[in-house]
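First the structure, in the form of structure tokens, and then the observations on it.
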Amino acid sequence: MTGPNGERMHGWWRITDIDQPHRLEFDDGFADDDGEPSPGMPEIHGVVTFEPTDSGTRMTTVTRFADTQQFHQLEGMGMEEGMREAMTQIDDVPAETTR
Numbered sequence: 001m002t003g004p005n006g007e008r009m010h011g012w013w014r015i016t017d018i019d020q021p022h023r024l025e026f027d028d029g030f031a032d033d034d035g036e037p038s039p040g041m042p043e044i045h046g047v048v049t050f051e052p053t054d055s056g057t058r059m060t061t062v063t064r065f066a067d068t069q070q071f072h073q074l075e076g077m078g079m080e081e082g083m084r085e086a087m088t089q090i091d092d093v094p095a096e097t098t099r
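For the sequence shown, position 65 (counting from the first letter as 1) is numbered 65 according to this note's numbering, and the numbering increases by one without interruption.
Quick look at the structure:
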């Protein structure tokens, strides 16, 4: 991911469960330039669910932190802004993958 000032951040995902096409669960964290997990950096657990609606699909994302200290650490590192930026791009993903 590239931040607003051009800084590059790397991450990793480990898929822990899939209930296609309804749910995806994963662990994720920060990585070095080679994609290897960064020692000492926090890991989180995510759950994404997909539900049909009258107008399309509702995607719900839940992030689980180890504790409030981890939440505040990641909040201070800009996770909220990063998630918001990533989510604003999600509508383009299906269009890109079907081309």
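Glycine included, every Cβ here is placed at the ideal spot set by N, Cα and C.
Fair warning: this is a prediction, and the values are worked out from it, not measured in the lab.
In this structure, the straight-line span from the alpha carbon of threonine 88 to that of glycine 76 is close to 21 Å. Of the residues Arg8, Gly40, Ser55, the one whose Cα lies closest to the Cα of aspartate 34 is Arg8. Between aspartate 27 and glutamate 36, the alpha-carbon positions lie close to 14 Å from each other. Secondary structure note for methionine 59: its beta strand (DSSP E) is the uninterrupted segment 56-64.
Cβ-Cβ distances below 8 Å link valine 93 to nothing in the same chain once the five nearest sequence neighbours on each side are left out. Membership of arginine 84 in the alpha helix (DSSP H) is indicated by the continuous run 79-88. As a beta-bridge residue in DSSP terms, phenylalanine 50 pairs with Met59.
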